[in-house]
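Here the sequence shown stands for residues 5 to 383, numbered as in this note's numbering. Don't be surprised by glycine CBs; every beta carbon is placed ideally from N, CA and C.
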Amino acid sequence: MNSLKKAILTNVESEMTKLIELSEWLHANPEVAWQEFESAAKCSEFLRDRGFEVEEKFVGLDTAFHARIGSGKRRLAFVAEYDALPGIGHACGHNLIATMALGAAVSIAPMAEELDLTVEVFGTPAEEGYGGKIEMLDRGAFDGVDFAMMAHPAPVDIVRAEPFAVAHWEITYRGHAAHAASYPTQGVNAADAFNIAEVAIAHLRQQLPHSVRVHGIVTHGGDVPNAIPHLTKGRWYVRASSMEELEETQAKVKRCFEAGALATGCQVEIREESQPYSDFDTDEQGLKFYEKNALALGRDLRTTGPETQMCRASTDMANVSKVVRAIHPYIGVNSFPVLNHQAEFADACVGVTANQTLKDGATSLAWTAVDVANEWLAG
Numbered sequence: 005m006n007s008l009k010k011a012i013l014t015n016v017e018s019e020m021t022k023l024i025e026l027s028e029w030l031h032a033n034p035e036v037a038w039q040e041f042e043s044a045a046k047c048s049e050f051l052r053d054r055g056f057e058v059e060e061k062f063v064g065l066d067t068a069f070h071a072r073i074g075s076g077k078r079r080l081a082f083v084a085e086y087d088a089l090p091g092i093g094h095a096c097g098h099n100l101i102a103t104m105a106l107g108a109a110v111s112i113a114p115m116a117e118e119l120d121l122t123v124e125v126f127g128t129p130a131e132e133g134y135g136g137k138i139e140m141l142d143r144g145a146f147d148g149v150d151f152a153m154m155a156h157p158a159p160v161d162i163v164r165a166e167p168f169a170v171a172h173w174e175i176t177y178r179g180h181a182a183h184a185a186s187y188p189t190q191g192v193n194a195a196d197a198f199n200i201a202e203v204a205i206a207h208l209r210q211q212l213p214h215s216v217r218v219h220g221i222v223t224h225g226g227d228v229p230n231a232i233p234h235l236t237k238g239r240w241y242v243r244a245s246s247m248e249e250l251e252e253t254q255a256k257v258k259r260c261f262e263a264g265a266l267a268t269g270c271q272v273e274i275r276e277e278s279q280p281y282s283d284f285d286t287d288e289q290g291l292k293f294y295e296k297n298a299l300a301l302g303r304d305l306r307t308t309g310p311e312t313q314m315c316r317a318s319t320d321m322a323n324v325s326k327v328v329r330a331i332h333p334y335i336g337v338n339s340f341p342v343l344n345h346q347a348e349f350a351d352a353c354v355g356v357t358a359n360q361t362l363k364d365g366a367t368s369l370a371w372t373a374v375d376v377a378n379e380w381l382a383g
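Written out as structure tokens, the structure is:
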């Protein structure tokens, strides 16, 4: 371990009390996508108190922020997420994502000039299904950034992110209401339209490759049992291994929803909730640096087994990777068989093990930043 990395470890250790306090606060006060007002403010305050120049409501988004320190030639960014899941809070560990990013940034900040870096933190809202980073990309937030990284909690450590590309749809069927006992023939049943679409999708799956996923929920199935439902709504995701495969699959799934409308006489509307998340272009050299650093901290890196499947989860960080050198490793909270997006996973994202994950994640990211910077300095 060289002197810079020793200093970073010391810096992380000195900040752990405050980082744990912030992680626990985020965990106890979950805010869902686009509503992360207090979470963004708390993270901004943490960085501002440590000398970072912070811009809140970054690129016109109320719950985004950008922080920077140093004036080096190369711009190196740590990416923070802090949105929670409806009903189950931080069951994807975004409280740890945020605090690992902040911990990494403040620990390397004193070396920014020596490493010829501008150290930045991007506070990114609405990762859970609404593409906050894609909106930020479209507004130029990441223009000129040389390298971006984040670490994501998972049941175990997994170095490589291999996320599905994904499209997020809201489906609406509109029919005609009627009394279900007295005048059923006068109705146009929007619930039946959804049933037909779901059956069509179930049959479609036997022709879909293993690299594709199609799944969703009905969010509104009608109002009362004695009325033919005139309006139904649902949210559906279509996933594939590449953007090309995603486009092909979307066309097939769209026909299933259109079939429901055709069979019942309903009208169907398919609305994209966000732009599609892409597959990930991992920076191979950066990933090698991270792997070396995680191993040096004693992390147990997995490559196979059912506990490693979290690496397939879609992320809007993948869209960032298409324009900026980027990595997105997973760091374990030792929860298996408890998995992300289960309520019990939220419990695993606070406490002694989670705090060690926070420390190791912040340190690994900051050490990786040193290695990337030295690569640039070497030329």
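Are at least three pairs of beta-carbons, each pair with one atom in the segment 153-160 and one in the segment 323-343, less than 8 Å apart? Taking a contact to require three or more Cβ pairs closer than 8 Å, the segment 153-160 and the segment 323-343 qualify as touching.
Report the rounded CA-to-CA distance for Ala116 versus Arg329, giving the unit in angstroms. One C-alpha to the other measures close to 19 Å.
Limits of the alpha helix (DSSP H) - the one that Ile73 falls within: According to the DSSP assignment, Ile73 belongs to no alpha helix (DSSP H) but to the beta strand (DSSP E) extending over 69-73.
Val63 versus Leu266: straight-line alpha-carbon distance, rounded: Their Cα atoms are separated by approximately 43 Å.
Which residues in the same chain as Ala145 place their Cβ atom closer than 6 Å to its Cβ, once the five residues preceding and following it in sequence are excluded? Closer than 6 Å at the Cβ level, and outside the excluded window around Ala145, lie Val63.
In or out: Arg79 buried (at least 16 other Cβ within 10 Å) or exposed? Classification for Arg79: buried.
Reduced DSSP category for Tyr294 - H, G, I as helix; E, B as strand; rest coil: DSSP places Tyr294 in helix when its eight states are reduced to three.
Check whether the Cβ atoms of Phe56 and Ile175 sit closer than 7 Å, and answer yes or no. Ile175 sits away from Phe56, with the two beta carbons spaced by 7 Å or more.
Assign Trp29 to one of three DSSP states: helix, strand, or coil. Helix.
Hey, could you find the ends of the beta strand (DSSP E) Phe82 is sitting in? First-last of the beta strand (DSSP E) with Phe82: 78-85.
Leu65 - DSSP class collapsed to helix/strand/coil: Looking at Leu65 - three-state DSSP - the assignment turns out to be coil, as it is neither helix nor strand.
According to DSSP, is Phe198 part of a helix, a strand, or is it coil? Judged by DSSP in its simplified three-state form, Phe198 adopts helix.
Which of the three DSSP states, helix, strand or coil, is assigned to Asp120? Correct three-state label for Asp120: coil.
Please check the pair Phe69 and Cys47, which I expect to be a contact at CB under 8 Å, by giving their CB distance rounded to whole angstroms. So it is a contact: roughly 7 Å between Cβ atoms.
So, at 6 Å on beta carbons, what are the nonlocal neighbours of Asp375 in its own chain, with the 5 sequence-adjacent residues on each side left out? Excluding positions up to five away in sequence, the list reads Phe293.
Sort Val222, Leu89, Gln190 by Cα distance to Ile200 and report the nearest one. Ile200 has its Cα closest to that of Val222, out of Val222, Leu89, Gln190.
What does Val110 pair with, by DSSP beta-bridge criteria? None; Val110 has no bridge partner.
Quick check: is any heavy atom of the ligand GDP less than 6 Å from the C-beta of Gly355? Here there are no bound small molecules, and the ligand GDP is not part of this structure.
Does Pro188 pass the burial test, meaning 16 or more other C-beta atoms within 10 Å, or should it be called exposed? Flag for Pro188 reads exposed.
Have a look at Ser27, Glu118, Phe41 and flag the residue whose alpha-carbon is nearest the alpha-carbon of Trp380. Selected option, being the one with the closest Cα: Glu118.
Distance check for Lys9 and Thr236, CA to CA, integer angstroms please. Their Cα atoms are separated by approximately 56 Å.
Please list, in chain order, all residues of the same chain as Ala377 whose beta carbon is under 6 Å from its beta carbon, the five residues on each side excluded. Within the same chain, Ala377 has close Cβ partners Leu119, Leu121.
Please classify Phe41 as buried or exposed, where buried requires at least 16 other C-beta atoms within 10 Å of its C-beta. So Phe41 counts as exposed.
Sort Gly93, Glu251, Pro229, Asp150 by Cα distance to Val218 and report the nearest one. When only C-alpha atoms are compared, the closest one is Glu251.
I need the DSSP call for Gly179, collapsed to helix, strand or coil. Three-state result, Gly179: coil.
Can you tell me whether Arg275 is buried or exposed? The criterion is at least 16 other CB atoms within 10 Å of its CB, across all chains shown. Answer is exposed; the Cβ neighbour count stays below 16.
Alpha carbon to alpha carbon, how far is Gly225 from Pro233? Taking the straight line joining both Cα atoms gives about 7 Å.
For Asp53, name the three-state secondary structure that DSSP assigns. Here Asp53 sits in coil by DSSP.
Touching by the beta-carbon criterion (3+ pairs, under 8 Å), the segment 87-107 and the segment 271-291: Not touching, per the Cβ criterion.
Taking only the alpha-carbon atoms, compute the straight-line gap between Glu124 and Ser43 and give it to the nearest angstrom. For Glu124 and Ser43, the distance between alpha carbons rounds to 18 Å.
Is the beta carbon of Asn4 sitting closer than 7 Å to the one on Trp240? The structure shown has nothing for residue 4, since the chain only spans 5 to 383.
Going by beta carbon distance, what residues of the same chain come within less than 8 Å of Glu131, once the five residues before and after it are set aside? Around Glu131: Ala37, Glu85, Asp87, His98, Lys137, Thr319, Asp320, Met321.
C-alpha gap between Gln190 and Ala182, whole angstroms: Taking the straight line joining both Cα atoms gives about 6 Å.
Which residue wins for smallest C-alpha separation from Glu277, given the options Ala105, Arg303, Trp173, Ser18? Closest by alpha carbon: Trp173.
Run the CB neighbour count on Val242, radius 10 Å, all protein chains shown included, and call it buried at 16 or more, exposed below. It counts as buried.
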